[in-house]
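Convert by adding 345 to the 1-based position in the sequence shown; the result is the number in this note's numbering.
Below is one structure, written out as structure tokens, with a few remarks after it.
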Amino acid sequence: MKNITILGVTGSIGQQTVDVCLHHQDEFNVVAMSAGKNIVLLETTIQKINPQVVCVIDEKDCNYLQEKYPHIRFVFGSAGLDEIATIDQVDIVLNAIVGFAGLLPTIHAIESKKDIALANKETLVVAGHIITKLVKEHGVKLLPVDSEHSAIFQSLQGNEMNKIKRILLTASGGSFRDKTREELVGVSVKEALNHPNWSMGAKITIDSATLFNKGLEVMEAKWLFDVDYDQIEVLIHPESILHSAVEFEDTSVIGQMGTPDMRLAIQYALTYPQRKKLVNGKSLDLTELGSLTFKKPDFNRFHALSLAYRAGKTGGSLPCVLNGANEMANLLFREGKIEFLQIEELVEKAMNAHELVKDPTIDQLLDIDQWARDFVLKEINETCRRL
Ligand code: NAD
Ligand code: MG
């Protein structure tokens, strides 16, 4: 029996993790969970799982829930997140919080020797240099939940002794994969949120449309698999069937395929190195598909991808700036305050204005993340004033 903490339980990954755990109750015991503001969904989840400790963001929600469910312990805020990420009896923390907010809980969980099933890619983007060291120091496992990275991880099983020549990181291309740059002018939030292959949280769906998501994943792959940026090749693969692949020195390419279902990657991270039945999993019928297609991304059309390679190759604090500016610009777009193409424009401006810190500490990253968000807000306010 594995004891689990699920961070971000009310999100898209969090809810799919709950499904996986309920399907394998003889394997997994969810001890603790965290949520943001969706208290209705949190209550439904509590009733299904009956955890021992639950963390929410607001004290008010915490007090309300404590009164209603006196047999459960409720905690709140960042201290609460720390508490549930470090509970003694917990073996593995699945981090499905979205954004920079997932960083500190990951660090605290590693420091208390928990294995990490990581969906929160932003953790590795901003602090890969710190996380990889901590993982080694504390002897814990860092298991990818992102489908592409799970595919790479699966492709590497039995090949740990062999050098990676290249990683082929596949991308669906997002909601606007068939649009030209000109056609991206004035696209709506609703259109951007309509992902062709995956149903995911709002932030990552917009990131898929800009291709910042793939850019973040390039950086995530660098840290997870210890490769150079010129060994990571992004391929547009609209069918989302080959979830990614690895080429070895002998030119053999090993990849992982399957119907698009995040529960597989979640479950593999939790059951690794074993494989268990995926309840209601759909088998892949290659003859039904007939063909799979791949093409190189157009770096002018997908400028976000160029920005991500630049941030990754430069290293230091630049990925943190890209990430913080993107989180803010992504939110402003969803709130209808900026245009779609302004997202990458604002991220680039923030990157250009930033004074690089070579080997940032956690405290510096917290400041730099805030600086990048404030920079984007200031830019928008100034533009509004000028108009
Ligand atoms: P989501 O928006 O659906 O859920 C996010 C969760 O985090 C919610 O439970 C929310 O309450 C919580 N949360 C948000 N802000 C918080 C904060 N400040 N403090 C504490 N909790 C907070 O997001 P998602 O789509 O499930 O994605 C979660 C993470 O997994 C992201 O990093 C994303 O990039 C990654 N990921 C998601 C998918 C997917 O299919 N959804 C696939 C691969 C990777
Ligand atoms: Mg992914």
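Glycine residues also receive a C-beta, built at the ideal position from the N, C-alpha and C atoms.
Simplified DSSP state of residue i, which is helix, strand or coil
i      : result
Ser379 : strand
Thr350 : strand
Leu514 : strand
Val579 : strand
Lys627 : coil
Trp543 : coil
Arg620 : coil
Ile725 : helix
His494 : helix
Asn671 : helix
Tyr574 : helix
Closer than 7 angstroms: residue i CB and nearest the ligand MG heavy atom
i      : result
Asp573 : no
Asp491 : yes
Glu578 : no
Glu562 : yes
Any non-hydrogen atom of the ligand NAD closer than 7 angstroms to residue i Cβ
i      : result
Thr703 : A small correction: the amino acid at residue 703 is Lys; Thr does not occupy that position in the sequence shown. Lys703: no, Cβ never under 7 angstroms from the ligand NAD.
Ile551 : no
Glu372 : no
Val376 : no
Val539 : The residue asked about is misnamed: residue 539 is Asn in this sequence, not Val. Checking every heavy atom of the ligand NAD against the Cβ of Asn539, none is found closer than 7 angstroms.
Ile497 : no
Val470 : no
Met607 : yes
Asn675 : no
Residue i burial status per 10 Å Cβ neighbour count (16 or more: buried)
i      : result
Cys729 : exposed
Leu514 : buried
Asp491 : buried
Ser553 : buried
Val399 : buried
Leu755 : Residue 755 is absent from the model: the chain starts at 346 and stops at 732.
Asp460 : buried
Gly359 : buried
Val435 : buried
Beta bridge counterpart(s) of residue i as assigned by DSSP
i      : result
Gly600 : Ala590
Ile289 : Residue 289 lies beyond the range of the chain shown here (346 to 732); nothing can be said about it.
Cys400 : Ser379 and Val420
Asn374 : Asn348
Ile509 : Phe593
Lys640 : Ile581
Candidates the options: closest to residue i by CA position
i      : options                           : result
Glu562 : Val471, Pro415 and Ile509         : Val471
Ala717 : Val666, Glu700 and Lys694         : Val666
Glu693 : Val702, Leu479, Gly381 and Glu724 : Glu724
Glu372 : Glu584, Gly603, Met346 and Ala653 : Met346
Pro605 : Leu529, Ala496 and Glu680         : Ala496
Lys486 : Leu439, Met696 and Ala695         : Leu439
Asp368 : Ile394, Ser379, Ile384 and Val354 : Looking at the sequence itself, residue 368 is His, so the reference to Asp does not match. Nearest of Ile394, Ser379, Ile384 and Val354 to His368, Cα basis: Ile394.
Ala424 : Pro415, Glu412, Ala441 and Ala446 : Ala446
Gly669 : Leu448, Ile683 and Lys459         : Leu448
Leu623 : Leu631, Gln612 and Tyr617         : Gln612
Glu528 : Gly503, Glu684, Glu672 and Ile713 : Glu684
Phe421 : Lys413, Ile432 and Asp403         : Asp403
Asn675 : Gly503, Pro618, Val534 and His540 : Val534
Residue i at chain B interface by Cβ criterion, 8 angstroms
i      : result
Pro541 : Included in the structure is just one protein chain, with no chain B present.
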